[in-house]
Every structure is written in structure tokens, then in C-alpha cells.
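In terms of the working numbering, the sequence shown opens at residue 90 and continues consecutively.
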Amino acid sequence: MELAALGARPRKDISARDRLTPSERRVAEMAAGGMTNKQIAQALFVTLKAVEGHLHHAYQKLGITGRPELSPNLLATTKAQYPRHLDAANGFNAKE
90 MELAALGARP
100 RKDISARDRL
110 TPSERRVAEM
120 AAGGMTNKQI
130 AQALFVTLKA
140 VEGHLHHAYQ
150 KLGITGRPEL
160 SPNLLATTKA
170 QYPRHLDAAN
180 GFNAKE
């Protein structure tokens with residue numbers, strides 16, 4: 090018997106980016122934009138360990154091993170989505 094006949098629905102394909110938690114996505118986007126872990130921690134008012142943990146989990150979910158592999162696709166955000174004080178002088182390098 091087909092699963093559809095029983096009311097089952099096929100799974101949606103979820104992109105790797107969509108598997109990230111909001112915190113993992115935010116940290117990964119900032120890292121992809123050129124910010125250091127320390128700059129990210131300061132900007133988000135979290136510990137360096139928290140940033141490292143979010144990046145570690147993001148790398149696992151994205152199937153990558155490190156920062157150089159972060160996709161430019163993660164830069165889907167703009168400066169306007171981050172606190173106003175994050176500009177090029179403070180380490181925010183994401184392209185608009």
C-alpha cells in the first residue's frame with residue numbers, strides 16, 4: 090500500500106542553511122562576512138565559547154570543516170539586520 094494512500098506526506102527537502110538555528114545562522118553569516126570570533130562575540134554580547142560552539146554546530150550541519158568553506162550564500166543578510174555600530178571600522182565586512 091502506498092504511503093500517500095494512508096495520508097503520509099513526502100518530506101520536504103530542507104536546505105542545510107535552513108537546518109541552522111537562528112543563532113547558528115547569525116554567527117555563521119557574520120563569520121562568512123569576515124568577522125573574527127572575538128568580534129562576533131563582542132557584537133552579540135556572548136562569550137567566545139558560545140561563538141565557537143555555534144560555528145562548530147553550523148559546520149556539522151553544513152557538512153563543512155571550517156570557516157574558509159562558509160558559502161557566500163550565507164551573506165543573505167544586510168548590515169541593517171545587525172546593530173548599527175557594526176560597520177567596516179568595527180569589523181563588519183559583509184557585502185551589501
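For each residue, glycine too, the CB sits at the ideal point set by N, CA and C. Remember, it's a predicted structure, so these values are computed and weren't measured experimentally.
- Counting along the chain, residue 141 sits inside the alpha helix (DSSP H) bounded by residues 137-151.
- The C-alpha of residue 153 lies about 21 Å from the C-alpha of residue 127.
- Residue 109 sits in coil when the DSSP states are folded into three classes, being neither helix nor strand.
- In this chain, the alpha helix (DSSP H) harbouring residue 133 covers 126-133.
- Secondary structure at residue 159: coil, using DSSP grouped into helix, strand and coil.
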